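Undergrad:
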Amino acid sequence: MRQVRIDKSFHSLFFLSALVSTFAVATIAIFIFIEGLPALQSVGVGAFVTGSTWNPPGYFGILPMISGSVLSTAGAIAIGVPMGLLTAVFLAEIAPERLAHTLRTAIELLAGIPSVIYGFFGLVVIVPLIEQVFNIPAGNTTLAGIIVLAIMILPTVITLSETSLRAVPQTYREGSLALGASKIFTIFKVVIPAARSGILTGVILGIARAIGETMAIIMVMGNAPMIAGLLQPSRTLTANIALEMSYASGLHANALYATGIVLFIFIMLLNSALLYLNRKKVS
Amino acid sequence: MTSLVSEQSIPADRDQSADLSAGQNKRRIQDNIVLGLIVLSTVGTTGILTWILWHIVSNGIAHVDWAFLTTNYTRTGSTSGIWPMIVSTLYMVGLSLAIAAPIGIMAAVYLTEYSKPGSKIVKLIRFATESLAGIPSIIYGLFGLTLFVSTLGMGFSILAGALTLSILILPVIIRTTEESLIAVPQSYREGSYALGASRIYTIWRLILPNALPGIITSIILCIGRIIGESAPVFMTAGMVARIPNSVFDSGRTLTVHLYKLTTELFSISEWNQAYATATTLVLIVLGLNVLTRVISKYFKAK
Numbered sequence: 000m001r002q003v004r005i006d007k008s009f010h011s012l013f014f015l016s017a018l019v020s021t022f023a024v025a026t027i028a029i030f031i032f033i034e035g036l037p038a039l040q041s042v043g044v045g046a047f048v049t050g051s052t053w054n055p056p057g058y059f060g061i062l063p064m065i066s067g068s069v070l071s072t073a074g075a076i077a078i079g080v081p082m083g084l085l086t087a088v089f090l091a092e093i094a095p096e097r098l099a100h101t102l103r104t105a106i107e108l109l110a111g112i113p114s115v116i117y118g119f120f121g122l123v124v125i126v127p128l129i130e131q132v133f134n135i136p137a138g139n140t141t142l143a144g145i146i147v148l149a150i151m152i153l154p155t156v157i158t159l160s161e162t163s164l165r166a167v168p169q170t171y172r173e174g175s176l177a178l179g180a181s182k183i184f185t186i187f188k189v190v191i192p193a194a195r196s197g198i199l200t201g202v203i204l205g206i207a208r209a210i211g212e213t214m215a216i217i218m219v220m221g222n223a224p225m226i227a228g229l230l231q232p233s234r235t236l237t238a239n240i241a242l243e244m245s246y247a248s249g250l251h252a253n254a255l256y257a258t259g260i261v262l263f264i265f266i267m268l269l270n271s272a273l274l275y276l277n278r279k280k281v282s
Numbered sequence: 000m001t002s003l004v005s006e007q008s009i010p011a012d013r014d015q016s017a018d019l020s021a022g023q024n025k026r027r028i029q030d031n032i033v034l035g036l037i038v039l040s041t042v043g044t045t046g047i048l049t050w051i052l053w054h055i056v057s058n059g060i061a062h063v064d065w066a067f068l069t070t071n072y073t074r075t076g077s078t079s080g081i082w083p084m085i086v087s088t089l090y091m092v093g094l095s096l097a098i099a100a101p102i103g104i105m106a107a108v109y110l111t112e113y114s115k116p117g118s119k120i121v122k123l124i125r126f127a128t129e130s131l132a133g134i135p136s137i138i139y140g141l142f143g144l145t146l147f148v149s150t151l152g153m154g155f156s157i158l159a160g161a162l163t164l165s166i167l168i169l170p171v172i173i174r175t176t177e178e179s180l181i182a183v184p185q186s187y188r189e190g191s192y193a194l195g196a197s198r199i200y201t202i203w204r205l206i207l208p209n210a211l212p213g214i215i216t217s218i219i220l221c222i223g224r225i226i227g228e229s230a231p232v233f234m235t236a237g238m239v240a241r242i243p244n245s246v247f248d249s250g251r252t253l254t255v256h257l258y259k260l261t262t263e264l265f266s267i268s269e270w271n272q273a274y275a276t277a278t279t280l281v282l283i284v285l286g287l288n289v290l291t292r293v294i295s296k297y298f299k300a301k
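One line per chain: the protein sequences are V and L, in this order.
The opening position of the first sequence corresponds to residue 0 in numbering that gives the first Met the number 0, with each subsequent residue numbered one higher.
The opening position of the second sequence corresponds to residue 0 in numbering that gives the first Met the number 0, with each subsequent residue numbered one higher.
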């Protein structure tokens, strides 16, 4: 009898622990929405999202920050995905196992480096490099952000692509090679298409990481709240929150939470894309 | 007739094979170009990593010495060590783990040992854990600032920071612990139950000890995450650069310190401090990486 009661109470304890993450997600969402809604109400959702002037406490338009987040993320994907995918092809299909193992260790390390280190490297190496190459007075630009983000998403893209490339059945390759196709042809026409959904998952997680990154971006992108251009300073949604939250109050603070809502919605869209992909994989 | 056919077909064959070999050549050149790109990307990826590590360590290592690690920090520059930041970081790691590790491990135990797989509640918990993992860290910062710092009145404090980070690392602990629990063979459980052991006894004496290497690895991963985070930390724990008196005091972690230093890179000494702080962080990350490897190797050997 006593045994049963002990087992039961542990059961409830474990169950409550498992519920903590559910409770946390709900609380986070509720807090961000409750604090952000006043700003959306007083500015108007349309004006808030499409307004091109951010000048608290008078003007709250976050189009510049949306453009900064979208441009830097798109640029990072354009560089990071091809580079990551080709590296994954090398690791999964070409490199001998020992070399692949060593390189994988290095890539894991790349994933564990704090984002301020990437930001610092960007600030002391990439920003001056951009100044020199493009002959501009200040290298703190969207381009610097793109390069730093591209490096930061590499581990995600590589790891997920490699795993899904390795999961492609060996018979696919043998069939293609038996038909006289070359190894490279086989990789690009047979193996990569077969691993498509896993690679896409990597790309989506890469986008999520790039959109969510804050500190590295603040350190290299110049943070001016204006519509983003490649060789101009620009500010992202995340940077907007981190830079101003410490001194904001009233409607200004609400507007920063509303920026958080927009960011939240971006991430939720990406999550739905992931769910959709996984469901397709299962069926 | 036959000879006629063959005489006619020979030149035709020759033409075809010439065509074929031209095509093969073209394909071979294409293949080599693509192979070149593949190798270039791999060299690029690993090259960048080497470049980052080399640039930071080679510029910073000369300035990392005992005095740097163990003295206080003052804005005026009379002392410019990172001891307060090291203490704050340790506080943050210890407290965050103390909060998140038990909850995360118990949640993983529930998911693998108690729940019916595929039930609605499990799906909900899985979905929530995945969503939690996807939320950008700045949102955690906003949340922690509102709930812990203001609403619950903790102010900028190590405690508020650790509570925020413990939610942030929860998905990592749950997922990796789950994996190592699943890896414990089913026959262990069956054997234990067959001998009449209770469920909690089986979990405590059999399943958890067998999953220990995986759990330790997940905790080291979390230590890396806690040390690496910066945005949610300065929004909740603040950035006061002195040794915190208690967990209710504000503190500045190493990453936040590096960020602060980069906003004021004016003199040579500030540059050196930034490089030295960055080097310290890189060495810690390298150390944790080696530790994970040693642990998994040690347990595999056993």
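We put the beta carbon where it would ideally sit given N, CA and C, even for glycine.
Remember, it's a predicted structure, so these values are computed and weren't measured experimentally.
Tell me, please, whether the CB atom of Met-234(L) is closer than 8 Å to any CB atom in chain V?
TA: yes
Undergrad: Once the 5 residues before and after His-251(V) are set aside, which same chain residues still bring their CB inside 6 Å of it?
TA: Pro-55 and Pro-56
Undergrad: Taking DSSP as the reference, what is the three-state secondary structure of Asn-54(V)?
TA: strand
Undergrad: What residue ranges within the region 243 to 274 of chain V form continuous beta strand (DSSP E) runs of no fewer than 3 residues, ordered along the chain?
TA: As far as the region 243 to 274 of chain V is concerned, it has no whole beta strand (DSSP E) run of at least 3 residues.
Undergrad: With a 10 Å radius around its C-beta and 16 neighbouring C-beta atoms as the bar for buried, classify Trp-50(L) as buried or exposed.
TA: exposed
Undergrad: Using a Cβ-Cβ cutoff of less than 8 Å, which residues in the same chain neighbour Ala-182(L) once the five nearest sequence positions on both sides are dropped?
TA: Cβ within range, chain order: Ala-210 and Gly-213.
Undergrad: Measuring only between beta-carbons, confirm whether Asn-244(L) sits less than 8 Å from chain V.
TA: no
Undergrad: Compile a chain-ordered list of the residues in the region 109 to 127 of chain V whose CB is closer than 8 Å to at least one CB of chain L.
TA: Leu-109, Gly-111, Ile-112, Pro-113, Ser-114, Val-115, Ile-116, Tyr-117, Gly-118, Phe-119, Phe-120, Leu-122, Val-123 and Val-124
Undergrad: For Val-108(L), which residues in chain V fall below 7 Å Cβ to Cβ?
TA: Chain V residues near Val-108(L): Phe-13.
Undergrad: Return the CA-CA distance between Tyr-109(L) and Tyr-200(L), expressed in angstroms with no decimal places.
TA: Near 14 Å, if we compare the C-alpha coordinates of Tyr-200(L) and Tyr-109(L).
Undergrad: When the cut-off is 8 Å and only beta carbons count, does Phe-298(L) lie next to chain V?
TA: no
Undergrad: Taking only runs that begin and end inside the region 190 to 233 of chain L, name each unbroken alpha helix (DSSP H) of 4 or more residues, in chain order.
TA: The DSSP assignment places 198 to 201 and 207 to 227 as complete runs of the alpha helix (DSSP H) inside the region 190 to 233 of chain L, in order along the chain (cut-off: 4 residues).
Undergrad: Per DSSP, Tyr-72(L) forms a beta bridge with which residues?
TA: Ser-79(L)
Undergrad: Tell me whether the beta-carbon of Leu-262(V) lies closer than 8 Å to the beta-carbon of Leu-236(V).
TA: yes
Undergrad: May I ask you to list, following chain order, the residues of the region 80 to 96 of chain V that have a beta carbon less than 7 Å from some beta carbon of chain L?
TA: Flagged, chain order: Met-82, Leu-85, Thr-86, Val-88, Phe-89 and Ile-93.
Undergrad: Got a sec, what are the start and stop residues for the alpha helix (DSSP H) Ile-206(V) sits in?
TA: 195 to 211
Undergrad: Determine the closest residue to Pro-154(V) out of Gly-35(L), Leu-48(L), Glu-269(L) and Thr-261(L), with distance taken between C-alpha atoms.
TA: The candidate whose alpha carbon is nearest that of Pro-154(V) is Leu-48(L).
Undergrad: What are the partner residues of Phe-59(V), as DSSP defines its beta bridges?
TA: Trp-53(V)
Undergrad: Could you please tell me which residues of the region 245 to 273 of chain V, in chain order, have their CB closer than 7 Å to any CB of chain L?
TA: Tyr-256, Gly-259, Leu-262, Phe-263, Ile-266 and Asn-270
Undergrad: Can you list, in chain order, the residues of its chain whose CB lies under 8 Å from that of Pro-95(V), leaving out five sequence neighbours each side?
TA: none
Undergrad: Going by DSSP, which residues form a beta bridge with Gly-221(V)?
TA: Ser-233(V)
Undergrad: Please decide whether Gln-7(L) counts as near chain V, where near means a Cβ-Cβ distance under 8 Å.
TA: Only weak support is given to the placement of Gln-7(L): the predicted model assigns it a pLDDT of 45, under 50, and the value that follows is read from those uncertain coordinates. No, its Cβ sits nowhere closer than 8 Å to a Cβ of chain V.
Undergrad: Please state whether the Cβ-Cβ distance between Tyr-90(L) and Ile-166(L) is less than 8 Å.
TA: Not in contact: Tyr-90(L) and Ile-166(L) (Cβ atoms no closer than 8 Å).
Undergrad: Taking the Cβ atom as the reference point for each residue, do Ser-233(V) and Thr-141(V) lie within a distance shorter than 8 Å?
TA: yes
Undergrad: Would Phe-265(L) be called buried (16 or more neighbouring beta carbons within 10 Å of its own) or exposed?
TA: exposed
Undergrad: Which residue comes first and which comes last in the alpha helix (DSSP H) that contains Asp-6(V)?
TA: 1 to 42
Undergrad: Buried or exposed: Trp-65(L), going by 16 or more other Cβ atoms within 10 Å of its Cβ?
TA: exposed
Undergrad: Can you find the residues in the same chain that come closer than 8 Å, C-beta to C-beta, to Pro-37(V), ignoring five residues on each side of it along the sequence?
TA: Leaving aside the five residues that flank Pro-37(V) on each side, the residues in its chain whose CB is nearer than 8 Å to its CB run, in chain order, Leu-250 and Asn-253.
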